[in-house]
Structure formats: C-alpha cells, structure tokens
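Engineer: The numbers in our numbering rise by one with no breaks, and the one at position 138 of the sequence shown is 118.
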Amino acid sequence: MNLYRLLFFSSLLILILNIESYDVKKVTYASWDKPDVELWYSLPKEINKDTKVLFIVHGASRDVERYLKAWLEEAKNKNVILVAPFFSKQSYRYYSTLGLATSSGKIITNSDKNLTNSISSFYTFFKSKYNLSSETYLIFGFSGGSQFVHRYMMYGEDMRIEKAAIGSAGWYTFLNNEPFPFGTKNMSLDRARYEWFLSREVLFLLGDNDNDPNHSSLNTNRGARKQGMHRYQRGQNYFNNLINFAEQSQTPFRWRYKSIEGLDHNIESMSDSAIPFLLYDLDYKN
C-alpha cells in the first residue's frame, strides 16, 4: 500500500479529546487487513528532527485514557509524541500474546488478528505523517501491556525499539523448553533475534507488594502457575531466566532490574518509575 493510501485510510477519523486540559487526539488506524485500532496520541509543542515517539500499551482493563494520562504532565515539555493504541476486547481478545495463543496456551493458527507487525505499522504511520527523522521508537507496557511488549520484542517483525520499560506482567514467555506462550519450545527464536532482544536497553520493573496469588486478573493456568505464585515472584523468576540464558548463550544482557518498595499493582506509580528512564534526554535542544 502506497504512502498516500496509508495516510488517507489511517486518517479517516481524527477526534480531538480533552483530558484535564491536555489536547489528546484519536485516529482510527485502518490501513491493514485486520480490525481497526484506535490510536490515542498527544503531540509536543513543536515537532522537529529530534522528535521521538513513545508507545504506551494498556493492560487487560484497556483503560487507554488512564494509561496515557499517567504520562501527560511529565511529557508536556519533552520532544516526544505519546501514542496509546487501544486493542479492543472484541477484536483483539488475546492482544497480550500478540494474538498467537490464548492465555491458557492454545496456539492460534489463524493469523488474521496477530499483532506481530502492529507497533511497526503504527510507527511508520506517525513517522510519515509528521516527517520524523528518527528510525527508532520507545515503548512502555504495564501489566497486560508488559506482556505485549516483551513478546513483541521477541516475535515482532521489526527491530526499531530503542528503549523499553515493562512493569508487572502477570506471566511471561520464558526462554526455556516450556511450550509457547509460557516458553519458546515450539516457537524458538533464532540467534540474531534473541541477541537483539537481550541487548536492548530495557528497564524491568516490579512492585514488591504486587504479591497477591488470588488477584482477580492473575493468570492461574498451569503454565502460568509454574512461573511463580504471584506477579512479583514470576517477574523475579523471569529476570533470572534471562540472566541464565544470556550467560549460557554468551549474549550481552543490558536489561536493568528495579524492585519498587511498597508498590502493588498501580499504573500511575509504575509510570513514575519508568518516566525518568524513557523521557531522559528528550528536552528540546537550544
């Protein structure tokens, strides 16, 4: 599809919203053969050659407004476009596994709703629409959004992520011999991909009070339970899995681990910890 058609179909619906005096726009992305995706976004005061794009991926609540709102104040004087995709439950029930499997582990063979090229497509749209110079983007995910982001880094079709921050996923795709989506047994990564995945600048965030084994949205399927009793334990086990895999494969590992004292499952507090990492050095240059 040529650029003109991409911009035309993606811009069929643009709404300007107001979230506590911030101008937030919404565009319906429709230039692919999948169900439409609403993209909520906020523009900086000026777009220039240094402008970056930061994607904010929601959790199972799909509360895009709340997720975006958590970043608006800190980003208002930064040279960054905030973009929050809305993956509707009706169209993208299993968005957190990229539409590749159910949360119980059943592989989805129909690729009509898989999201392995989603963020790349959205970035291409914004890069073209605003004539951006950067070839890379930033991404943040919390809870189900954290599930999406780490799996997108593993199985996505692009390698343009510069930095990522992920927080408090309910379960993970380990680099081990468990079947996908709990492990990589039947969906292995080639060396180039896992080297790229492990060598990205990633801030891995956990709240040490996010330890409720009976949390209403926690995956309790057998494959998830094998990863730990609750989010905090599963996150610790996942990070250790990556360390061990990197050592065994002699792969550079550049992820950073941060445990936040007293934090349970909260998007605002988790965003506060990710903001300095992802918005660092995005001030306007004189």
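No residue lacks a Cβ here, since even glycine has one placed at the ideal position from N, Cα and C.
Tell whether a beta-carbon distance below 7 Å holds between Ala145 and Leu183.
Structural biologist: Yes, they are a contact pair.
Engineer: Between Phe102 and the rest of its own chain, which residues show a CB-CB distance below 8 Å, the 5 nearest in sequence each way excluded?
Structural biologist: Same-chain partners within the cutoff: Tyr9, Val17, Leu19, Phe35, Val63, Pro65.
Engineer: Where does the unbroken beta strand (DSSP E) through Thr8 begin, and where does it stop?
Structural biologist: Looking at the DSSP string, the run of the beta strand (DSSP E) that includes Thr8 is 2 to 9.
Engineer: Output yes or no for whether 7 Å exceeds the beta carbon distance between His38 and Gly125.
Structural biologist: Cβ distance < 7 Å, so His38 and Gly125 count as in contact.
Engineer: Quick one: what's Tyr271 bridged to in DSSP?
Structural biologist: The shown model of the chain, from -19 to 266, leaves out residue 271, and the question about it has no answer.
Engineer: Whose CA, out of Asp170, Glu54, Thr89, Ala204, lies closest to the CA of Gln127?
Structural biologist: It is Ala204 whose Cα lies nearest to the Cα of Gln127.
Engineer: Hey, would you say Glu175 sits closer than 7 Å to Lys165, going by beta carbons?
Structural biologist: The answer is no: Cβ separation not under 7 Å.
Engineer: Quick one: give me the first and last residue of the alpha helix (DSSP H) that Arg99 is part of.
Structural biologist: A quick correction: the sequence has Ile, not Arg, at residue 99. It spans 98 to 109 - the alpha helix (DSSP H) in which Ile99 sits, taken as one unbroken run.
Engineer: Is the beta carbon of Ser239 sitting closer than 7 Å to the one on Asp188?
Structural biologist: It is a contact, given that the beta carbons lie within the stated cut-off.
Engineer: Indicate the three-state DSSP secondary structure (helix, strand or coil) for Leu222 in the structure shown.
Structural biologist: In the structure shown, Leu222 sits in a helix (DSSP, three-state: H, G or I).
Engineer: State the start and end residues of the unbroken beta strand (DSSP E) segment that holds Arg236.
Structural biologist: 235 to 240 is the span of the beta strand (DSSP E), which, as asked, contains Arg236.
Engineer: Tell me the DSSP bridge mates of Ile87?
Structural biologist: For Ile87, which the question treats as bridged, DSSP gives the partners Ala81.
Engineer: Taking Cβ positions only, does Ser148 come closer than 7 Å to chain C?
Structural biologist: The displayed structure is made up of one protein chain only, and chain C is not part of it.
Engineer: What is the residue span of the alpha helix (DSSP H) that Ala64 lies within?
Structural biologist: Careful: Ala64 lies outside any alpha helix (DSSP H), inside the beta strand (DSSP E) at 60 to 66.
Engineer: By DSSP, does Gly203 sit in helix, in strand, or in coil?
Structural biologist: Helix at Gly203.
Engineer: Leu186 by DSSP, collapsed to three states: which one?
Structural biologist: Here Leu186 sits in strand by DSSP.
Engineer: Three-state secondary structure (DSSP) at Ser22?
Structural biologist: Ser22 falls in the strand class under three-state DSSP.
Engineer: Kindly identify the DSSP beta-bridge partner or partners of Ile146.
Structural biologist: Paired residue(s): Gly121, Phe184.
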